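Please read the structure below before turning to the comments.
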Amino acid sequence: MKKFKKLILYFLIFCSLFINSGCWNYREMEDSAIVTAAAIDKHKDKYVLTLEMLRPSPGFKESQVETVVFSDDGKTIFEAARKIIRRAGRKPYWNHNMAIIFSKSIAQEGIAPALDWFRRDSETRSTVSVFISKDGFAKDIIMQSLVTTRRIVGIELNDTMKNQGISLRYPRVDLRHFRSTISSENISATAPFVGLEVKHGKTDILVSGTAVFKGDKLVGSLNDYETFPYLIIEEKVKKGLIVAENVGEQSSNVALEIFNIKKQLNFSSDQDRYIIKGYFNFTTAIDEISGTDDVIDEKMRAALIQKEEHEMKIRLEEVVKKVQTQYNADIFGFGRIIEMQNPKLWKSMGENSDAIFDKINFQAEVKIHIKGSGRQSKPIKVGK
Amino acid sequence: MQDAKNTQVSDTDRYNNIKLSTNLEENITILKQIFTSDETIIFRKFESMNNDRIKCCAIYIDAMIHKELMEQHIIKPIILSNFAEDNCKDILKVIEHKVIFSGEIKRTGIISDIIDGILYGNTVLLLNESNEVLIINTIEWKTRGIEEPVSENVVRGPREGFNESIDTNISLIRRKIISPDLKFVYKQIGTRTKTRVCICYLEGVALEPIIKEVMKRLDEINIDGILESGYIEELIRDEPLLPFKTIGSTERPDVVASKLLEGRVAVLCDGTPEALTMPYILMEAFQANEDYYNNYIIASVNRFFRYIAFIITTSVPALYVALINFNQELIPTQLLISISIARQGVPFPTVVETLLMIITFEILREAGTRIPKPIGSAVSIVGALVLGDAAVNARIISAPVVIVTALTGISAFLNPKLLAVFIIRIIFVLFASLLGLYGYMFSVIALGLVFVDMRSFGIPYMLNIGIGPLTGENLKDTAIRAPWWLMNTRPRIIAKNLKRQNNNR
Chain A
32 MKKFKKLILY FLIFCSLFIN SGCWNYREME DSAIVTAAAI DKHKDKYVLT
82 LEMLRPSPGF KESQVETVVF SDDGKTIFEA ARKIIRRAGR KPYWNHNMAI
132 IFSKSIAQEG IAPALDWFRR DSETRSTVSV FISKDGFAKD IIMQSLVTTR
182 RIVGIELNDT MKNQGISLRY PRVDLRHFRS TISSENISAT APFVGLEVKH
232 GKTDILVSGT AVFKGDKLVG SLNDYETFPY LIIEEKVKKG LIVAENVGEQ
282 SSNVALEIFN IKKQLNFSSD QDRYIIKGYF NFTTAIDEIS GTDDVIDEKM
332 RAALIQKEEH EMKIRLEEVV KKVQTQYNAD IFGFGRIIEM QNPKLWKSMG
382 ENSDAIFDKI NFQAEVKIHI KGSGRQSKPI KVGK
Chain B
881 MQDAKNTQVS DTDRYNNIKL STNLEENITI LKQIFTSDET IIFRKFESMN
931 NDRIKCCAIY IDAMIHKELM EQHIIKPIIL SNFAEDNCKD ILKVIEHKVI
981 FSGEIKRTGI ISDIIDGILY GNTVLLLNES NEVLIINTIE WKTRGIEEPV
1031 SENVVRGPRE GFNESIDTNI SLIRRKIISP DLKFVYKQIG TRTKTRVCIC
1081 YLEGVALEPI IKEVMKRLDE INIDGILESG YIEELIRDEP LLPFKTIGST
1131 ERPDVVASKL LEGRVAVLCD GTPEALTMPY ILMEAFQANE DYYNNYIIAS
1181 VNRFFRYIAF IITTSVPALY VALINFNQEL IPTQLLISIS IARQGVPFPT
1231 VVETLLMIIT FEILREAGTR IPKPIGSAVS IVGALVLGDA AVNARIISAP
1281 VVIVTALTGI SAFLNPKLLA VFIIRIIFVL FASLLGLYGY MFSVIALGLV
1331 FVDMRSFGIP YMLNIGIGPL TGENLKDTAI RAPWWLMNTR PRIIAKNLKR
1381 QNNNR
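Protein chains in written order, with the working numbering: chain A, 32 to 415; chain B, 881 to 1385.
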């Protein structure tokens, strides 16, 4: 009997292995449809969820991936996701979703309700990139994958995000970061815009520019030229490109490749005046001289640097000014700087911390250092 | 006979109540009765030319003796000898001492010894007027030459391997370690086969308790036959229920010598080229003799590959099942897509698929070892083409599983002594199929606990206790192969007299 009891005990311990071990379900990969991109629109008071999913089609020798697009509506996004099974036949598998596109109208109304499910559900991924559709419906972008069967919009958008650090014409925002900046007191959220552009008879998916949020509402935008100085102030930009126009006598254009930017933002307050001084130290190299001016020459170089330092300063200050005056959304994280450098002041602001942003006087000081000129020391000489 | 457990009982002991008489003819009759219907035994009677009193009979087995030696050095001198002292009392003694030219003569009257002597290939000399006989060593039988062991190849290192003769094997070890401390103790195991077994150790290096334990366990064996050292291994090993080796075996004298120098005990068994070494720890499965002959950096890297291969061969199928069926979010998207494509139209669940392929591979491997060499290529053709390619094309098996199985199979060959990996692999896959990565981790922990709990002749299998803190000294020949000029000590808990070399560097 004692032995028997012991046996039962072992059996129960073994059973608890399966019962108490959290989430476990055996699931074959081909039973669920891999979602690569999702678009959320709003039609009347219902969400319209559009999913781009992969449908592998087995061939005799070689198998291919095709994409399928399904769309359905629901009072909540989760409902729509479940309703899509009626059409797709399989359960959407969210773990490898690479892009969520919210329509502009949802963003303008307030994006928080639409975000909730993506953060709450255990299957969706928080590293997914967030986009705002520039114009029209978000689903139009996903519909592009129907135009050519081999096109996977999710992967295209994901690749665009991977190379954001070189392009620097749109911000890189994932779901976790986006949600936390929306809830944050000391910084406002941004997201990249995505739109369609018809050029030469084909439609490109174009990621360009920045959507500016105040709270969870879309209030404005920065174009891709303005995005670059914004990213320099807000993020740690290490790469990029400055184009100096009309340099020298023949007014050549010169491209300076950025290798490093050292950045320091100092906050100081003087009674009611709040000043943030930004020091930006660019390490660059001349990478293209589009003209015949020998800008590498010491004099010319000094002039180039002076000109560019000034232009960059204006660009930086202008973008801050624009956001301050037009949108009043602290997308630069100035609140965070104040909180770090003068926590007492930040605390004393309390609820009104919102109001401080447009009072800040941002002054940029730019230093450009040219360390080289690529593989050539002279511009191309044109023979007579 | 069964009740006598602690002493080796021979099946010839039952003749021990028969006593030899002083009459030659009677004695011949007795022996002929014992060996009835055994026609290989030859009774050769002869007499001395000069003395009628001396009548002899040589008994031997034709195929097992050196015939010329027997004729020239036993029969000839007795026939030709000139026995002057007619009244000599102990003629047998005279013959033993003054007539026969032989290096090894034993005088006995015990009938079981006589029978054993004949059966072992000695010549037994009966003499009239004597109730004792001479057992003269004339053994000569054919043995295989010393060849390179097929199972343990080396690029650099001695090419000689043991053969089936225990005497040859002992000589091979003796030639490696020329020291009076090298001890050999014979035992006879097997009531019918009477196999000679030799325990071999270095006195002053091997620990006495281990030697005693080996002796004790060997004495406890009571079996009718030992045909291979595997019998002994299984009868004396620790943890008999587990598939992991707790006694090492090798065909190479240099390996045995190095184990002896590290304080281990070796057991040689007649009729098998495999020597057993004990105690045996898990780490030895990852060591190759070539490690010690090659450059230590290369040897350490090779050893590292063997560890990796062990992990791959046990875990890759389980990890594949766990990732594909439970934790798809951990796979890179592109890989997920290509696996997903490959799985389209495959009728079986991934676990079934994986298990099928693992078992198929083991079947192929077994077929490869059992098959006669001339038709061996058929296995690889059937295996590679029919099972691999065709099964994938017919969408019975998905391509990634074939890759996983191939990787698993190849990695298993890096550690040929770890035969149990197949079982570990299957268990890992089953657990992973039940609980995903959690199940895999659970089974890895379980395996770790089993290893940590195991002992081989009192030595912890993982060297997990008894060696003190995990210092560099203890890692020199386990995790890596340290250069010889750094390995100043022997393994800590297996040997005594730890000092190995005087280091002047």
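Every residue, glycine too, gets a C-beta built ideally from N, C-alpha and C.
Model, not experiment: these values are computed from the prediction.
Please list the partners that Ile65 (chain A) has in chain B, where partner means a Cβ-to-Cβ separation under 9 Å.
Gln1208, Thr1213, Leu1216, Ile1217 and Ser1220
Taking just the CA atoms, how far does Lys390 (chain A) sit from Gln302 (chain A)?
12 Å
Enumerate in chain order the residues of its own chain whose CB-to-CB distance from Phe1206 (chain B) is below 7 Å, with the five nearest sequence positions on each side excluded.
Gly1316 and Leu1317
Checking 8 Å against the spacing of the C-beta atoms, do Ile132 (chain A) and Ser164 (chain A) come in under that value?
With contacts defined as CB atoms closer than 8 Å, Ile132 (chain A) and Ser164 (chain A) qualify as a contacting pair.
Which term fits Arg1132 (chain B), buried or exposed, when burial requires 16 or more other beta carbons within 10 angstroms of its beta carbon?
buried
Between the Cα of Glu216 (chain A) and the Cα atoms of A:Thr314, A:Phe45, A:Gln295 and A:Met380, which residue gives the shortest distance?
A:Met380
Under 8 Å: do the region 1007 to 1024 of chain B and the region 1041 to 1056 of chain B share three or more Cβ pairs, one atom per stretch?
yes
In its own chain, which residues sit with a C-beta less than 7 Å from the C-beta of Thr1240 (chain B), not counting the 5 before and 5 after it?
Leu1267
What are the complete alpha helix (DSSP H) segments, minimum 4 residues, inside the region 1030 to 1096 of chain B?
1046 to 1056
When you compare only the Cα positions, how much space is there between Gly1084 (chain B) and Arg1055 (chain B)?
Rounded to the nearest angstrom, the two C-alpha atoms are 19 Å apart.
Closer than 9 Å at the beta carbon, the chain A residues around Pro1229 (chain B):
Tyr57 and Glu59
Does the count of Cβ pairs from the region 156 to 175 of chain A and the region 227 to 245 of chain A closer than 8 Å reach three?
yes
Spatially closest choice to Thr900 (chain B) from B:Lys935, B:Thr892, B:Glu976 and B:Glu1012, by CA coordinates
According to the sequence shown, residue 900 (chain B) is Leu rather than Thr. It is B:Glu1012.
Spatial neighbours of Arg1117 (chain B) within its chain, please: CB distance less than 6 Å, with the 5 preceding and 5 following residues excluded, ordered by chain position.
Only Thr1126 and Ile1127 meet the Cβ criterion.
By the three-class DSSP mapping on this structure, what secondary structure does Asp324 (chain A) have?
If DSSP states are grouped into helix, strand and coil, Asp324 (chain A) belongs with coil.
Reducing DSSP to helix, strand and coil, say where Asn359 (chain A) ends up.
coil
Once DSSP output is grouped into helix, strand and coil, what is the label at Lys912 (chain B)?
Here Lys912 (chain B) sits in helix by DSSP.
Taking a Cβ distance cut-off of 8 Å, strictly less, list which residues of the region 150 to 182 of chain A are near chain B, in chain order.
Arg156
Tell me, please, whether the CB atom of Met192 (chain A) is closer than 8 Å to any CB atom in chain B?
No, Met192 (chain A) lies away from the interface with chain B (no Cβ there is under 8 Å from its Cβ).
For Asn1049 (chain B) and Arg1039 (chain B), what's the separation of their Cα atoms in angstroms?
14 Å
Could you tell me the distance, in whole angstroms, from the CA atom of Leu18 (chain A) to the CA atom of Phe209 (chain A)?
The structure shown does not extend to residue 18 (chain A), since chain A is modelled only from 32 through 415, so no value can be given for it.
Residues of chain A with CB under 7 Å from Ile1204 (chain B), in chain order?
Met60
Taking CB distances under 8 Å as the criterion, tell me whether Ser85 (chain A) reaches chain B.
Residue identity differs from the one stated: residue 85 (chain A) is Leu in this sequence, not Ser. Yes, Leu85 (chain A) counts as interfacial toward chain B.
How would you call Pro1089 (chain B), buried or exposed, if buried means at least 16 neighbouring beta carbons within 10 angstroms?
exposed
Identify each residue in the region 105 to 134 of chain A for which the Cβ-Cβ distance to at least one residue of chain B is less than 8 Å, and report them in chain order.
For chain B, the residues of the region 105 to 134 of chain A that bring a beta carbon within less than 8 Å of one of its beta carbons are Tyr124, Asn126, His127 and Met129, in chain order.
For chain A, find out if any of its Cβ atoms is closer than 8 Å to the Cβ of Arg1223 (chain B); answer yes or no.
yes
Less than 8 Å between the CB atoms is what I'm expecting for Leu1235 (chain B) and Val1309 (chain B), so what's the real figure, rounded?
6 Å
Where does the unbroken alpha helix (DSSP H) through Thr1249 (chain B) begin, and where does it stop?
Thr1230 to Arg1250
Interface partners of Ser1313 (chain B) on chain A, CB under 8 Å:
Tyr57
Residue-chain proximity (Val229 (chain A), chain B), Cβ-Cβ < 8 Å:
No, its Cβ sits nowhere closer than 8 Å to a Cβ of chain B.
Drop a sphere of 10 angstroms on the beta-carbon of Met1237 (chain B), count the other beta-carbons inside from all chains shown, and report buried for 16 or more, exposed for fewer.
buried
Three or more C-beta pairs below 8 Å linking the region 54 to 67 of chain A and the region 1219 to 1234 of chain B
yes
Using DSSP with H/G/I as helix, E/B as strand and the rest coil, what is Glu906 (chain B)?
DSSP places Glu906 (chain B) in helix when its eight states are reduced to three.
Arg150 (chain A) - containing beta strand (DSSP E), residue span:
Looking at the DSSP string, Arg150 (chain A) is not in any beta strand (DSSP E); the run it does join, the alpha helix (DSSP H), is Ala143 to Arg151.
With H, G and I counted as helix, E and B as strand and the rest as coil, what does DSSP make of Lys925 (chain B)?
strand
Touching or not, the region 193 to 205 of chain A and the region 223 to 234 of chain A, by the rule of three or more beta carbon pairs under 8 Å?
Taking one beta carbon from each stretch, the region 193 to 205 of chain A and the region 223 to 234 of chain A have 3 or more pairs nearer than 8 Å; the two touch.
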